[in-house]
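Input: a single structure, listed below in structure tokens.
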Amino acid sequence: MKARHGFIESASSPAAGLLPVDGGSEARALRPDLALIARWMPPNSRVLDLGCGDGALMAWLQTAKGCTGYGVEIDDAAVLSCVRRGVDVIQRDIEAGLGMFGHDQFDVVVLSMAIQATKETERVLREMSAVGREGIVSFPNFGHWYHAWSILRGRMPVSREMPYEWYNTPNLHLATVRDFEDFLAKLGLEITGRAFLADGEPVKWLPSQRATQAIYRFRRAAR
Amino acid sequence: MSAVGSVGNVSPQRMRFEAPLALRNGATIAGYELVYESYGELNAARSNAVMICHALNASHHVAGLHDGDPRSAGWWDNMIGPGKPVDTRRFFVICVNNLGSCFGSTGPMSTNPDTGEPYGPDFPVLTVEDWVHAQALLADRLGIERFAAVMGGSLGGMQALAWATLYPQRVAHCVAIATAPKLSTQNIAFNEVARRAIVTDPDFHGGRFYAHGVVPSRGLQVARMIGHITYLSDDVMAEKFGRALRREAASAGAGDYRFTYDIEFEIESYLRYQGEKFSKYFDANTYLLITRALDYFDPALPYGGDLAAALAPASADFLVVSFTTDWRFAPERSHEIVEALLANRRRVTYAEIDAPHGHDAFLLADPQYMSIVAAYFDRIHQNCLEPAVPVSTQSVEEAA
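Chains as they are written, first to last, in the working numbering: chain F, 1 to 223; chain C, 1001 to 1400.
Following this line, the structure appears as structure tokens:
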């Protein structure tokens, strides 16, 4: 077990990719991909954060960027964390549909590190792009060189972004950077921004092989 | 019995209102009385008041004990008290026995000043909105301009929703638990069965049974039995009673049926016990009145069924809670409320509690449920009572 996690431990840099926290009102550091999403977020946006977890991103956006909106989360403990930090949360499985949200009700809809665990990924993306004018998705890049290396050695990859064994992983729909770009194009979504991280640090060179996480920003393409 | 976490002994209070109250059915009622209880202290700024709205068969006695009797604990004593989710060390909590109820406020058992006899069937048919207007008048007399929160479960949740739209400026937070924006057809059907059981009881006497010295006890029992079934989930009933047979220990015949129509199964014994208990303290006319108020509640009706339009006047923040196994006020009904609030860009948090107990779960102390309500009341406390402290949720509202 330990040996297969070497990749995780070697490059981890806890302070990487953190945003400066304004006013000290949200002292907890954001996860690197969330920090990037937060940086992209236009001030005072109306935000829907799908699979919002403990509400860290929404809390930060409310405090530092004057954003409003809701998290959507199914997990009891995470919902409670949201309420405790003053984030409005709708307890709902995003797979059950976003029918309770209206068309273009949000400026930005976020889906961070959850798309790979959705069953009906295409439907989720379609609904997401319907309820918001802009979408931001972060996901683990399956095209990372380590995954290929791991498979060459005869093992399913286990990494920090995907810390599961093949038999217990919730991840159903893994994609590479190129796969995801093709997918957005197929859905008629226009990429307006992309960023790549490797263990929280920005990746400029060979991102499709070196990034552990990819973050895309997109909107419905003009017809 | 430990007094920790209890508001302790409480005494109901009574307030009389001489001015006529215009009711939705076109009638007015004057010279009526409302009984209420309150816990905690109203602060100097009068900003810490919480109105609790009661459901069908409950009363103003929400928390604490009467005369130290441990069996007299209020119906939401697990929710309200010092250190409890609605913390009476922070909040001034009040609950009013609704007009038409049978726990002290003016109702069908009261004397009709026009006849000198009990109102009985002549008591006006009331609506949820009428109750809310009466509660608001009582709040006026207590000097409460704005509630930090109005909260209720089931029919109480309907009152909380009505408060938020009828008096938007008076409600900072609306906590609507296990409720619905209107009853389903099935719900109305259940209510009708209960009412028919009562009115067809020979002891009902057209609602004037008081003069005959009887109560339509059998009708009330059946009404309560069917109500009780709908408050529980199939699973909880199966777990609690299963197919266990009711047997006196001495005559226990190891699972043998007795081939009788008398009580055979434990569930029958339980329902009969609940029915009998209920029929001894609940007024039959009140049961008709309150179930009818439930049927009539439909704030979206004047808006062609558009619930978002109906809730548009509300300016409160909302907490909506439902329970997965509640089939009387199912999560889908709460989804309708949430969807309408989202359309209005209201601040809303929605928790769907995975509890096995059916509709009754809103009265029970599920840990997740209690924690959510406690956390939300922490936020209410911050929003309403500590305006000087910068709170993220508030700074956002001010910026927006």
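Ideal Cβ positions, reconstructed from N, Cα and C, are used throughout, including at glycine.
Within the segment 49 to 62 of chain F, those residues whose Cβ lies closer than 8 Å to any Cβ of chain C are, in chain order, A59, Q62. P140(F) and H173(F) have their C-alpha atoms some 10 Å from each other. With respect to chain F, the C-beta atom of Y1369(C) has no partner C-beta closer than 7 Å. For P1020(C) and A1030(C), the gap between their C-alpha atoms comes out near 4 Å. The beta-carbon of V47(F) is placed no less than 7 Å from the nearest beta-carbon of chain C. Closer than 7 Å at the C-beta level to chain F, one finds these residues of the segment 1318 to 1344 of chain C: H1335, V1338, E1339, L1342, A1343. Cβ-Cβ separation between M41(F) and L1342(C): approximately 20 Å, too far for a contact (criterion under 8 Å).
Put simply, the CB of M41(F) is far from chain C, with every gap to its CB atoms at 7 Å or more. Scanning chain F for C-beta atoms nearer than 8 Å to the C-beta of E1352(C) yields Q91, R92, reported in chain order. A straight-line Cα-Cα distance of about 15 Å links I1290(C) and D1122(C). Between L1042(C) and F1091(C), the gap from beta carbon to beta carbon reaches 7 Å or more. In this structure, DSSP gives I1177(C) an extended state, which the three-state scheme calls strand.
Within the same chain, R1024, A1162 come within 6 Å of E1129(C) by CB-CB distance, once the 5 residues on both sides are set aside. Contacts between T1179(C) and chain F, judged by CB atoms closer than 9 Å, are missing: the closest CB pair is about 16 Å apart.
Within chain F, the residues placing a beta-carbon under 7 Å from that of T1349(C) are V83, D88, V89, ordered along the chain. I1177(C) has its alpha-carbon roughly 13 Å from the corresponding atom of R1328(C).
CA-CA distance, H1212(C) to G1304(C), rounds to 45 Å.
Contact note: R1379(C) reaches chain F through V83, G86, using a C-beta cutoff of 8 Å and chain order. Contacts with chain F (Cβ-Cβ distance below 7 Å) from the segment 1221 to 1233 of chain C involve no residue at all. Among the residues facing chain C, G102(F) is included, as its CB has a counterpart in that chain under 7 Å away. The continuous stretches of alpha helix (DSSP H) do not include L1363(C), and DSSP gives it neither H nor E. The C-alpha of A1022(C) is placed about 19 Å away from the C-alpha of T1111(C).
Boundaries of the alpha helix (DSSP H) harbouring M1237(C): 1234 to 1240, taken from the DSSP string. Here the segment 1205 to 1221 of chain C makes no contact with the segment 1330 to 1344 of chain C; the two share fewer than three CB pairs at distances below 8 Å. Contact annotation: in the segment 1299 to 1313 of chain C, no residue has its CB less than 7 Å from a CB in chain F. Taking M1158(C) as the centre and dropping the five residues before and after it, the same chain places the C-beta of V1128, T1179, F1297 closer than 6 Å to its C-beta, in chain order. D1283(C) sits close to M1109(C), with the two beta carbons spaced by under 7 Å. Contacts with chain F at 7 Å (Cβ-Cβ) include A1375(C).
Within the DSSP secondary-structure output, I215(F) pairs in a beta bridge with S138(F), A195(F). With a threshold of 16 other beta carbon atoms within 10 Å, F106(F) meets it and is buried.
Counting the other CB atoms within 10 Å of its CB gives I1380(C) a total of 16 or more, which places it among the buried residues. Rounded to the nearest angstrom, the Cβ distance from E1192(C) to R1170(C) is 34 Å, too far for a contact under 8 Å. For E1037(C), the enclosing beta strand (DSSP E) has its first and last residue at 1032 to 1039. In the DSSP assignment, A222(F) falls outside any beta strand (DSSP E), carrying neither H nor E.
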